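For what it's worth, my numbering labels the leading residue of the sequence shown as -6, then goes sequentially. This report refers to the structure that appears directly beneath it.
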Amino acid sequence: MATINMILQGKGGVGKSLTASFLTQHFLESGKEVCCVDTDPVNATFAGYKNFNVTALDIMNDNDVDPRKFDTLVELMMALPDDSEMVIDNGAATFIPLASYLADNNVLELLADSGHQVNLHSVVTGGQALPDTLNGLRSLINTFDVPIYVWLNNFFGQITRKGKSFEEFKVYQNNTNRLAALVHIPQKKKETFGRDLENLFTARMSFQEAASSTLPIMTRQRLKMFWAEMKQELLTCGL
């Protein structure tokens, strides 16, 4: 059985590719075989990580999913070896048409019947994008009956509403049985950790690459600390 991890969120610029890179690095460091796919036709950020051997696959034709191109993705999924992981980064532009295509064609059921585990990952972020990311999460909950991992990204602001934390939001309390886990991305000082991480992501560099690079020693130390905390969070969430 292989596990297919699909990152789905209708709001752009909230950390989907970041999530994909974290999952990929975690699986690789765990000794897993990982197949990576980037379906974002606008910003192929995930495909920029050269060491991940990401397959860039534009599955769109105008504003809809191209069935022939999507068939290629399904073939990749079906051919996955046992105990391997697939990480698929889907862009904001593909969210609605892809979700509709998956639902209309019972794709997730097909994969489950073939013995594959499908996990959905959705990012919720604070700040102005909070309402949009919550709507994207609700859409997944209402459409698909598979485990959903919610990634909480406080980089753009605290994930709070009227003094309530995410765990107090109705979308969480009404769907605790549907959500596999809450993945908390560690909060660090923007002036130090934040800047180091931003530079790392911009360079499309993995944490392992950073550790053996010529970056300043304290930069490498902060990145090492962050990644150790992030990996522990992923293990705690059963990933």
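C-beta atoms are modelled at their ideal positions from N, C-alpha and C, and glycine is treated no differently. From a predicted model like this one, the values you see are computed outputs, not experimental measurements.
Exercise. Do V116 and Q18 have their C-beta atoms closer together than 8 Å?
Worked result: Locating residue 116 in the sequence shown gives position 123, counting from the first residue. Locating residue 18 in the sequence shown gives position 25, counting from the first residue. Contact flag unset, no.
Exercise. Distance, Cα to Cα, N44 vs W144?
Worked result: Stepping through the sequence shown from its first residue, residue 44 is reached at position 51. Stepping through the sequence shown from its first residue, residue 144 is reached at position 151. Answer to the nearest angstrom: the Cα atoms are 24 Å apart.
For this session: Pick out the complete alpha helix (DSSP H) segments inside the segment 164 to 216, 4 residues or longer, and give them in chain order.
Result: Counting only runs of 4 or more residues that sit fully inside the segment 164 to 216, the alpha helix (DSSP H) segments are 188 to 195, 200 to 204, in chain order.
For this session: Please name the residue or residues paired with I152 in a DSSP beta bridge.
Result: The residue you call residue 152 lines up with position 159 of the sequence shown. DSSP output for I152 lists no bridge partner at all.
Exercise. Going by the CB atoms, is the gap between V111 and I0 shorter than 8 Å?
Worked result: Counted from its first residue, the sequence shown places residue 0 at position 7. Counted from its first residue, the sequence shown places residue 111 at position 118. Cβ distance not < 8 Å, so I0 and V111 don't count as in contact.
Exercise. Among residues of its own chain, excluding the 5 on either side of I178, which ones have a beta-carbon nearer than 6 Å to its beta-carbon?
Worked result: On the sequence shown, residue 178 is found 185 positions in, with the first residue counted as 1. Correct list, in chain order: N146.
Problem set entry | Within 8 Å, strictly: CB atoms of Y142 and C230 | As a first step, residue 142 is located in the sequence shown; it is residue number 149 there, counting from the start. As a first step, residue 230 is located in the sequence shown; it is residue number 237 there, counting from the start. Cβ atoms of Y142 and C230: closer than 8 Å.
Problem set entry | Simplified DSSP assignment, three categories, for T(-4) | Position 3 of the sequence shown, counting from 1, holds the residue named residue -4. In the structure shown, T(-4) adopts extended strand secondary structure according to DSSP, grouped into three states.
Exercise. So V67 packs on A13, CB below 8 Å; how close in whole Å?
Worked result: Position 74 of the sequence shown, counted from the first residue, corresponds to residue 67. Position 20 of the sequence shown, counted from the first residue, corresponds to residue 13. Actually they do not touch by this definition, with Cβ atoms about 19 Å apart.
Exercise. According to DSSP, which residues form a beta bridge with D57?
Worked result: Along the sequence shown, read from residue 1 onward, the residue named residue 57 stands at position 64. According to DSSP, which records beta bridges pairwise, D57 is partnered with N54.
For this session: Please confirm if H114 has its CB atom under 8 Å from at least one CB of chain D.
Result: The structure shown contains no chain D; it holds only a single protein chain.
Exercise. Of the choices L104, F162, N167, P140, whose alpha-carbon is the least far from that of A173?
Worked result: The residue labelled residue 173 in the question sits at position 180 within the sequence shown. Across the set L104, F162, N167, P140, the C-alpha of P140 shows the shortest separation from the C-alpha of A173.
Exercise. Considering only residues of the same chain and omitting the five flanking positions on each side of E78, which have a CB-CB separation below 6 Å?
Worked result: On the sequence shown, residue 78 is found 85 positions in, with the first residue counted as 1. Taking E78 as the centre and dropping the five residues before and after it, the same chain places the C-beta of T(-4), F20, K25, V27 closer than 6 Å to its C-beta, in chain order.
Exercise. Where do the N-terminal and C-terminal ends of the alpha helix (DSSP H) with E78 fall, by residue?
Worked result: Start at 1 with the first residue of the sequence shown, and residue 78 comes out as number 85. For E78, there is no enclosing alpha helix (DSSP H); the enclosing beta strand (DSSP E) covers residues 78 to 82.
Exercise. What residue from D106, T207, L95, A86 has the CA that sits closest to M53's CA?
Worked result: Taking the sequence shown and counting its residues from 1, the one referred to as residue 53 is at position 60. When only C-alpha atoms are compared, the closest one is A86.
For this session: Taking 8 Å as the cut-off, decide whether the C-beta atoms of T126 and T118 are in contact.
Result: Within the sequence shown, numbered from 1, the residue matching residue 126 stands at position 133. Within the sequence shown, numbered from 1, the residue matching residue 118 stands at position 125. Between T126 and T118, the C-beta spacing is below 8 Å.
For this session: Tell me whether Q18 sits in a helix, a strand or coil according to DSSP, three-state version.
Result: Locating residue 18 in the sequence shown gives position 25, counting from the first residue. Note: Q18 maps to helix in three-state DSSP.
For this session: Would you list the one or two residues that DSSP bridges to S23?
Result: As a position in the sequence shown, residue 23 is number 30, starting the count at 1. In the DSSP assignment, S23 is bridged to no other residue.
For this session: Can you grab the Cα-Cα spacing for the pair V35 / G5, in whole Å?
Result: For the purposes of this step, residue 35 is taken as the residue at position 42 of the sequence shown. For the purposes of this step, residue 5 is taken as the residue at position 12 of the sequence shown. Between V35 and G5, the C-alpha separation is close to 10 Å.
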